[in-house]
Amino acid sequence: MGCKPSTPEDKLASQRSKNIDNILKKDKKLFMRECKILLLGPGESGKSTVLKQMKIIHDNGYGEEERENHRDVVFSNCVTSLRAILRGRDMLQIQFGSEDRVKDEETFYAMMDTGVSRMIDPNLAVAMKNLWGDPGVQEAFKSSNRYQLNDSAEYFLNALDRVSGRGYIPTVADVLRTRVQTLGVVEFNFSYKGLNFLMVDVGGQKTERKKWIHCFEDVKAVMFIVALSDYDLTLREDDETNRMLDSMDLFDSICNNQYFRNTSTMLFLNKQDRFMEKLQESRLNKCFPDYTGDNSFESASLFVRKKFEALNKTKDKNGEMKVIYTHFTCATDTSSIQFVFDCVTDIIIRINLGDVI
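What the sequence shown shows, in our numbering, is residues 6 to 362, in sequence order.
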(Lines of atoms letter the chains of each structure in order from A and count residues from 1; the text may use other names and numbers.)
(Lines give C-alpha, C1' and ligand atoms only; values in the text may rest on other atoms or scores of the structure.)
Protein backbone atom coordinates (compact mmCIF):
# COMPACT_ATOMS: atom_id res chain seq x y z
CA MET A 1 0.00 0.00 0.00
CA GLY A 2 1.44 3.32 -0.98
CA CYS A 3 1.84 6.30 1.32
CA LYS A 4 -0.91 8.89 1.32
CA PRO A 5 0.17 12.22 -0.12
CA SER A 6 0.61 14.97 2.45
CA THR A 7 -2.34 17.25 2.90
CA PRO A 8 -2.00 21.00 3.54
CA GLU A 9 -3.06 20.28 7.13
CA ASP A 10 -0.26 17.73 7.51
CA LYS A 11 2.32 20.19 6.18
CA LEU A 12 1.01 22.86 8.54
CA ALA A 13 1.21 20.49 11.50
CA SER A 14 4.74 19.44 10.51
CA GLN A 15 5.86 23.06 10.25
CA ARG A 16 4.25 23.82 13.60
CA SER A 17 6.13 20.89 15.16
CA LYS A 18 9.43 22.15 13.73
CA ASN A 19 8.75 25.61 15.07
CA ILE A 20 8.08 24.20 18.52
CA ASP A 21 11.32 22.17 18.36
CA ASN A 22 13.26 25.30 17.37
CA ILE A 23 11.70 27.28 20.22
CA LEU A 24 12.57 24.52 22.69
CA LYS A 25 16.17 24.41 21.45
CA LYS A 26 16.40 28.18 21.68
CA ASP A 27 14.90 28.16 25.18
CA LYS A 28 17.39 25.47 26.22
CA LYS A 29 20.29 27.61 25.02
CA LEU A 30 18.87 30.62 26.82
CA PHE A 31 18.44 28.52 29.95
CA MET A 32 22.00 27.29 29.70
CA ARG A 33 23.19 30.88 29.40
CA GLU A 34 21.36 31.82 32.60
CA CYS A 35 23.95 31.30 35.36
CA LYS A 36 22.60 31.25 38.87
CA ILE A 37 25.38 31.51 41.44
CA LEU A 38 24.62 30.89 45.07
CA LEU A 39 26.74 32.73 47.66
CA LEU A 40 26.88 30.61 50.79
CA GLY A 41 28.89 30.70 53.99
CA PRO A 42 28.59 31.74 57.63
CA GLY A 43 27.75 35.24 58.79
CA GLU A 44 30.45 37.92 58.41
CA SER A 45 32.52 35.82 56.02
CA GLY A 46 32.35 38.43 53.25
CA LYS A 47 29.48 37.25 51.03
CA SER A 48 27.77 40.64 50.86
CA THR A 49 31.11 42.31 50.10
CA VAL A 50 31.57 40.00 47.10
CA LEU A 51 28.09 40.99 45.92
CA LYS A 52 29.02 44.68 46.26
CA GLN A 53 32.12 44.02 44.18
CA MET A 54 29.98 42.54 41.41
CA LYS A 55 28.03 45.81 41.32
CA ILE A 56 31.30 47.78 41.15
CA ILE A 57 32.81 45.58 38.44
CA HIS A 58 29.74 44.82 36.32
CA ASP A 59 27.16 47.52 37.03
CA ASN A 60 28.93 50.92 37.08
CA GLY A 61 29.57 50.82 40.82
CA TYR A 62 28.18 53.28 43.37
CA GLY A 63 27.29 56.81 42.32
CA GLU A 64 27.40 59.75 44.72
CA GLU A 65 23.74 59.43 45.72
CA GLU A 66 24.09 55.72 46.49
CA ARG A 67 27.25 56.35 48.50
CA GLU A 68 25.52 59.14 50.38
CA ASN A 69 22.76 56.68 51.31
CA HIS A 70 25.41 54.57 53.09
CA ARG A 71 26.40 57.42 55.40
CA ASP A 72 24.07 56.36 58.22
CA VAL A 73 25.47 52.83 58.03
CA VAL A 74 29.03 54.18 58.34
CA PHE A 75 28.04 56.27 61.37
CA SER A 76 26.31 53.27 62.93
CA ASN A 77 29.35 51.04 62.31
CA CYS A 78 31.63 53.61 63.97
CA VAL A 79 29.42 53.88 67.06
CA THR A 80 28.69 50.16 67.47
CA SER A 81 32.35 49.27 66.98
CA LEU A 82 33.57 51.68 69.65
CA ARG A 83 30.80 50.57 72.00
CA ALA A 84 31.86 46.93 71.54
CA ILE A 85 35.49 47.83 72.35
CA LEU A 86 34.49 49.79 75.45
CA ARG A 87 32.40 46.89 76.68
CA GLY A 88 35.31 44.57 75.93
CA ARG A 89 37.56 46.85 77.98
CA ASP A 90 35.14 46.56 80.91
CA MET A 91 34.97 42.78 80.56
CA LEU A 92 38.76 42.48 80.42
CA GLN A 93 39.12 44.96 83.31
CA ILE A 94 41.56 47.15 81.41
CA GLN A 95 42.07 50.67 82.80
CA PHE A 96 41.96 53.82 80.69
CA GLY A 97 45.33 55.40 80.03
CA SER A 98 43.97 58.71 81.34
CA GLU A 99 41.23 59.56 83.83
CA ASP A 100 39.97 62.15 81.34
CA ARG A 101 38.56 59.31 79.26
CA VAL A 102 35.93 58.62 81.92
CA LYS A 103 34.21 61.87 80.96
CA ASP A 104 34.59 61.05 77.27
CA GLU A 105 32.97 57.65 77.88
CA GLU A 106 30.04 59.33 79.64
CA THR A 107 29.64 61.70 76.69
CA PHE A 108 29.80 58.81 74.23
CA TYR A 109 27.10 56.76 75.94
CA ALA A 110 24.89 59.84 76.45
CA MET A 111 25.08 60.88 72.79
CA MET A 112 25.62 57.69 70.79
CA ASP A 113 21.90 57.31 69.95
CA THR A 114 21.07 61.00 69.41
CA GLY A 115 24.35 62.54 68.22
CA VAL A 116 24.26 60.98 64.75
CA SER A 117 22.01 62.21 61.95
CA ARG A 118 23.30 64.00 58.83
CA MET A 119 26.71 64.11 60.53
CA ILE A 120 28.33 63.02 63.78
CA ASP A 121 27.83 65.68 66.46
CA PRO A 122 31.16 67.51 66.99
CA ASN A 123 31.11 66.82 70.76
CA LEU A 124 30.47 63.13 70.17
CA ALA A 125 33.21 63.04 67.52
CA VAL A 126 35.76 64.54 69.92
CA ALA A 127 34.84 62.03 72.64
CA MET A 128 35.11 59.12 70.19
CA LYS A 129 38.51 60.25 68.89
CA ASN A 130 39.82 60.68 72.44
CA LEU A 131 38.60 57.25 73.43
CA TRP A 132 39.97 55.52 70.32
CA GLY A 133 43.39 57.09 70.93
CA ASP A 134 43.54 55.95 74.56
CA PRO A 135 46.19 53.24 75.33
CA GLY A 136 43.71 51.24 77.40
CA VAL A 137 41.15 51.21 74.59
CA GLN A 138 43.87 50.18 72.13
CA GLU A 139 44.86 47.33 74.45
CA ALA A 140 41.23 46.18 74.55
CA PHE A 141 41.05 46.40 70.75
CA LYS A 142 44.09 44.14 70.40
CA SER A 143 42.22 41.51 72.46
CA SER A 144 39.09 41.70 70.28
CA ASN A 145 39.18 37.96 69.61
CA ARG A 146 37.76 37.62 73.14
CA TYR A 147 34.54 39.46 72.27
CA GLN A 148 32.49 40.30 69.17
CA LEU A 149 33.77 43.12 66.94
CA ASN A 150 33.25 43.99 63.26
CA ASP A 151 36.29 43.57 61.01
CA SER A 152 35.86 47.14 59.79
CA ALA A 153 36.19 48.67 63.29
CA GLU A 154 39.81 49.75 62.93
CA TYR A 155 39.26 51.08 59.41
CA PHE A 156 36.38 53.36 60.38
CA LEU A 157 37.70 54.44 63.79
CA ASN A 158 41.02 55.42 62.19
CA ALA A 159 38.99 57.55 59.76
CA LEU A 160 36.97 59.44 62.37
CA ASP A 161 38.42 62.82 61.33
CA ARG A 162 37.20 62.29 57.78
CA VAL A 163 33.95 60.52 58.64
CA SER A 164 32.89 63.17 61.17
CA GLY A 165 33.76 66.07 58.88
CA ARG A 166 31.14 68.41 57.43
CA GLY A 167 29.82 67.27 54.07
CA TYR A 168 31.15 63.73 54.45
CA ILE A 169 30.14 61.37 51.65
CA PRO A 170 31.30 57.73 51.92
CA THR A 171 33.88 56.57 49.40
CA VAL A 172 33.54 53.29 47.51
CA ALA A 173 36.09 51.81 49.94
CA ASP A 174 33.85 52.91 52.82
CA VAL A 175 30.80 51.27 51.22
CA LEU A 176 32.70 48.01 50.77
CA ARG A 177 33.56 47.94 54.48
CA THR A 178 30.12 48.76 55.87
CA ARG A 179 28.57 45.94 57.81
CA VAL A 180 24.82 45.24 57.73
CA GLN A 181 23.51 41.80 58.60
CA THR A 182 21.88 40.12 55.58
CA LEU A 183 18.33 39.02 56.30
CA GLY A 184 16.45 36.90 53.80
CA VAL A 185 17.63 36.72 50.18
CA VAL A 186 19.39 39.41 48.11
CA GLU A 187 19.66 38.96 44.33
CA PHE A 188 21.80 40.77 41.78
CA ASN A 189 21.61 40.40 37.98
CA PHE A 190 24.41 41.25 35.55
CA SER A 191 25.86 40.10 32.23
CA TYR A 192 29.42 39.02 31.55
CA LYS A 193 31.11 37.08 28.75
CA GLY A 194 27.76 36.55 27.03
CA LEU A 195 26.16 35.03 30.11
CA ASN A 196 23.34 36.35 32.24
CA PHE A 197 24.28 35.95 35.89
CA LEU A 198 21.93 35.85 38.84
CA MET A 199 23.98 36.03 42.03
CA VAL A 200 22.06 35.16 45.18
CA ASP A 201 23.26 36.17 48.66
CA VAL A 202 21.58 34.69 51.72
CA GLY A 203 22.10 35.44 55.39
CA GLY A 204 24.78 33.30 57.03
CA GLN A 205 23.67 33.38 60.68
CA LYS A 206 22.25 30.12 62.00
CA THR A 207 18.73 31.54 62.13
CA GLU A 208 18.93 32.39 58.41
CA ARG A 209 20.30 29.07 57.12
CA LYS A 210 16.94 27.29 57.09
CA LYS A 211 15.97 29.63 54.21
CA TRP A 212 18.83 28.43 52.01
CA ILE A 213 17.06 25.39 50.60
CA HIS A 214 14.54 27.63 48.81
CA CYS A 215 17.40 28.88 46.62
CA PHE A 216 18.88 25.49 45.66
CA GLU A 217 17.11 24.94 42.31
CA ASP A 218 18.83 25.51 38.95
CA VAL A 219 22.15 26.55 40.51
CA LYS A 220 25.12 26.50 38.13
CA ALA A 221 27.74 27.20 40.80
CA VAL A 222 28.10 27.56 44.55
CA MET A 223 30.59 30.12 45.86
CA PHE A 224 31.23 29.19 49.48
CA ILE A 225 32.90 32.00 51.41
CA VAL A 226 35.04 31.37 54.50
CA ALA A 227 36.81 34.02 56.58
CA LEU A 228 40.35 32.73 57.19
CA SER A 229 40.67 35.20 60.08
CA ASP A 230 37.85 33.47 61.99
CA TYR A 231 40.11 30.76 63.39
CA ASP A 232 40.35 32.37 66.85
CA LEU A 233 36.79 33.74 67.06
CA THR A 234 33.47 32.39 68.29
CA LEU A 235 30.07 32.84 66.68
CA ARG A 236 28.21 36.04 67.40
CA GLU A 237 25.07 34.02 68.14
CA ASP A 238 26.89 31.29 70.11
CA ASP A 239 30.04 32.23 72.03
CA GLU A 240 30.90 28.57 72.65
CA THR A 241 31.33 27.62 68.99
CA ASN A 242 34.51 28.41 67.06
CA ARG A 243 33.72 30.20 63.80
CA MET A 244 36.21 28.29 61.67
CA LEU A 245 34.94 24.92 62.90
CA ASP A 246 31.38 26.06 62.23
CA SER A 247 32.45 27.03 58.69
CA MET A 248 33.87 23.56 58.17
CA ASP A 249 30.67 21.87 59.36
CA LEU A 250 28.67 24.11 57.04
CA PHE A 251 30.94 23.48 54.06
CA ASP A 252 30.71 19.74 54.70
CA SER A 253 26.91 19.90 54.55
CA ILE A 254 26.89 21.98 51.34
CA CYS A 255 29.75 20.28 49.51
CA ASN A 256 28.23 16.84 50.02
CA ASN A 257 24.61 17.87 49.54
CA GLN A 258 22.73 15.87 46.90
CA TYR A 259 21.43 19.11 45.34
CA PHE A 260 24.98 20.12 44.41
CA ARG A 261 26.43 16.77 43.35
CA ASN A 262 26.97 18.02 39.79
CA THR A 263 27.22 21.72 40.60
CA SER A 264 30.53 23.58 40.35
CA THR A 265 31.74 24.41 43.85
CA MET A 266 34.09 27.32 44.45
CA LEU A 267 35.72 27.73 47.86
CA PHE A 268 36.76 31.30 48.65
CA LEU A 269 39.18 31.44 51.58
CA ASN A 270 38.57 35.11 52.25
CA LYS A 271 40.11 37.86 54.39
CA GLN A 272 43.64 36.68 53.72
CA ASP A 273 44.94 40.14 54.69
CA ARG A 274 43.45 39.88 58.20
CA PHE A 275 44.69 36.29 58.40
CA MET A 276 48.28 37.39 57.74
CA GLU A 277 48.04 40.07 60.43
CA LYS A 278 46.51 37.76 63.02
CA LEU A 279 49.07 35.01 62.57
CA GLN A 280 51.70 37.31 64.04
CA GLU A 281 49.80 37.47 67.34
CA SER A 282 47.56 34.40 67.47
CA ARG A 283 48.68 30.89 66.49
CA LEU A 284 46.56 28.71 64.24
CA ASN A 285 46.70 25.80 66.70
CA LYS A 286 44.18 27.68 68.86
CA CYS A 287 41.65 26.26 66.42
CA PHE A 288 43.59 23.26 65.09
CA PRO A 289 45.68 21.56 67.82
CA ASP A 290 47.15 19.26 65.15
CA TYR A 291 48.76 22.19 63.33
CA THR A 292 52.53 22.07 63.83
CA GLY A 293 53.66 24.54 61.18
CA ASP A 294 55.01 28.06 61.66
CA ASN A 295 53.09 31.32 61.63
CA SER A 296 53.73 32.03 57.95
CA PHE A 297 50.79 32.62 55.64
CA GLU A 298 52.03 29.97 53.22
CA SER A 299 52.12 27.20 55.80
CA ALA A 300 48.96 28.15 57.69
CA SER A 301 46.81 28.83 54.61
CA LEU A 302 47.83 25.54 52.97
CA PHE A 303 46.86 23.68 56.15
CA VAL A 304 43.41 25.33 56.25
CA ARG A 305 42.88 24.69 52.55
CA LYS A 306 43.61 20.97 52.95
CA LYS A 307 41.28 20.79 55.96
CA PHE A 308 38.37 22.13 53.92
CA GLU A 309 39.09 20.20 50.74
CA ALA A 310 39.35 16.96 52.72
CA LEU A 311 35.69 17.35 53.67
CA ASN A 312 34.68 16.65 50.07
CA LYS A 313 33.38 13.06 49.79
CA THR A 314 31.20 13.52 46.71
CA LYS A 315 31.67 11.84 43.35
CA ASP A 316 30.36 13.47 40.19
CA LYS A 317 28.14 11.90 37.51
CA ASN A 318 31.22 10.23 35.99
CA GLY A 319 32.09 8.53 39.26
CA GLU A 320 35.12 10.73 39.83
CA MET A 321 35.81 12.76 42.95
CA LYS A 322 34.16 16.15 42.64
CA VAL A 323 36.63 19.02 42.10
CA ILE A 324 36.66 21.89 44.58
CA TYR A 325 38.03 25.09 43.03
CA THR A 326 39.78 26.98 45.83
CA HIS A 327 40.80 30.64 45.75
CA PHE A 328 42.44 32.86 48.37
CA THR A 329 40.72 36.22 48.34
CA CYS A 330 40.42 39.64 49.93
CA ALA A 331 36.83 40.70 49.24
CA THR A 332 37.55 44.41 49.78
CA ASP A 333 40.18 44.35 46.99
CA THR A 334 38.31 44.96 43.73
CA SER A 335 41.14 43.89 41.41
CA SER A 336 41.55 40.62 43.35
CA ILE A 337 37.85 39.79 43.14
CA GLN A 338 37.72 40.75 39.48
CA PHE A 339 40.58 38.36 38.67
CA VAL A 340 39.09 35.51 40.70
CA PHE A 341 35.60 35.94 39.27
CA ASP A 342 37.05 35.88 35.77
CA CYS A 343 38.56 32.48 36.61
CA VAL A 344 35.25 31.33 38.09
CA THR A 345 33.37 32.37 34.94
CA ASP A 346 35.77 30.42 32.72
CA ILE A 347 35.24 27.33 34.88
CA ILE A 348 31.45 27.68 34.66
CA ILE A 349 31.64 28.04 30.88
CA ARG A 350 33.96 25.07 30.48
CA ILE A 351 31.99 22.72 32.72
CA ASN A 352 28.37 23.74 32.16
CA LEU A 353 28.16 25.48 28.80
CA GLY A 354 30.78 23.96 26.54
CA ASP A 355 28.17 22.37 24.30
CA VAL A 356 26.18 25.56 23.91
CA ILE A 357 28.67 28.38 23.41
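By construction, the Cβ of each residue, glycine as well, lies at the ideal position given by its N, Cα and C atoms. A quick note: this is a predicted structure, and the numbers were derived from the prediction, not measured.
Nearest candidate by alpha-carbon position, reference residue i, set the options
i, options, result
"Y114", "K60, A130 and Q186", "A130"
"E159", "D179, I62, D223 and Y173", "D179"
"C348", "T339, D338 and H332", "H332"
"L165", "M96, R355, Q58 and N128", "N128"
"N323", "F256, I356 and K57", "I356"
"S306", "V191, F280, R167 and L91", "F280"
"R76", "E242, S169, D223 and L56", "S169"
"N74", "T119, R123 and M117", "R123"
"Y173", "Q277, V121 and D321", "V121"
"L45", "I99, M271 and A315", "M271"
"L233", "P294, S340, V107 and D251", "D251"
"L62", "F346, I352 and R171", "Note that residue 62 is Ile in the sequence shown here, rather than Leu. Of the candidates F346, I352 and R171, the one whose C-alpha sits nearest the C-alpha of I62 is F346."
"K283", "S301, Y296, S340 and P294", "S301"
"F152", "D244, D321, P294 and L316", "The question names Phe, yet the displayed sequence has Tyr at residue 152. For Y152, the nearest C-alpha among the options comes from D244."
"D321", "L240, N262, R241 and R72", "N262"
Proximity of residue i and residue j at Cβ, strictly below 8 Å
i, j, result
"F273", "F313", "no"
"K327", "T319", "yes"
"V207", "I259", "no"
"C292", "Y236", "yes"
"F146", "V79", "no"
"M204", "F193", "yes"
"I342", "K225", "no"
"S157", "G93", "no"
"N275", "G51", "yes"
"P47", "R248", "yes"
"T54", "T337", "yes"
"V231", "L56", "no"
"T350", "Y197", "yes"
"G66", "K60", "yes"
"E110", "L136", "yes"
"N82", "N163", "no"
"D299", "F195", "no"
"D257", "L316", "yes"
"L255", "N150", "no"
"I352", "C40", "no"
Endpoints, the beta strand (DSSP E) within which residue i is located
i, result
"F101", "Unbroken run through F101: none, as it is neither H nor E."
"K41", "E39 to L45"
"D243", "D243 to N247"
"L274", "S269 to N275"
"G331", "The sequence given here places Thr at residue 331; Gly does not occur at that position. Run containing T331: I329 to F333, per the beta strand (DSSP E) assignment."
"A232", "A226 to A232"
Residue range of the unbroken alpha helix (DSSP H) whose run includes residue i
i, result
"A158", "A158 to N163"
"D179", "V177 to R182"
"M133", "P127 to W137"
"F265", "Careful: F265 lies outside any alpha helix (DSSP H) and carries neither H nor E."
"K320", "Run containing K320: none; DSSP gives neither H nor E here."
"L289", "Per DSSP, L289 belongs to no alpha helix (DSSP H) and is neither H nor E."
"R310", "F302 to E314"
"R171", "That residue, R171, is in no alpha helix (DSSP H); it is neither H nor E in DSSP."
"R72", "E69 to E73"
Helix, strand or coil at residue i [DSSP, three-state]
i, result
"S148", "coil"
"S50", "coil"
"D351", "helix"
"L203", "strand"
"F195", "strand"
"C78", "The sequence given here places Val at residue 78; Cys does not occur at that position. V78: helix per DSSP, three-state reduction."
"M326", "strand"
"V55", "helix"
"T187", "coil"
"I28", "Here I28 scores only 46 on pLDDT, less than 50, and its place in the model is too uncertain to base an answer on."
"L91", "helix"
"L255", "helix"
"T339", "helix"
"F113", "helix"
"T239", "strand"
Sufficient close CB pairs (3 or more, under 8 Å) joining the segment 137-156 to the segment 101-115: yes
Any 3 or more C-beta pairs closer than 8 Å across the segment 74-94 and the segment 264-278: no
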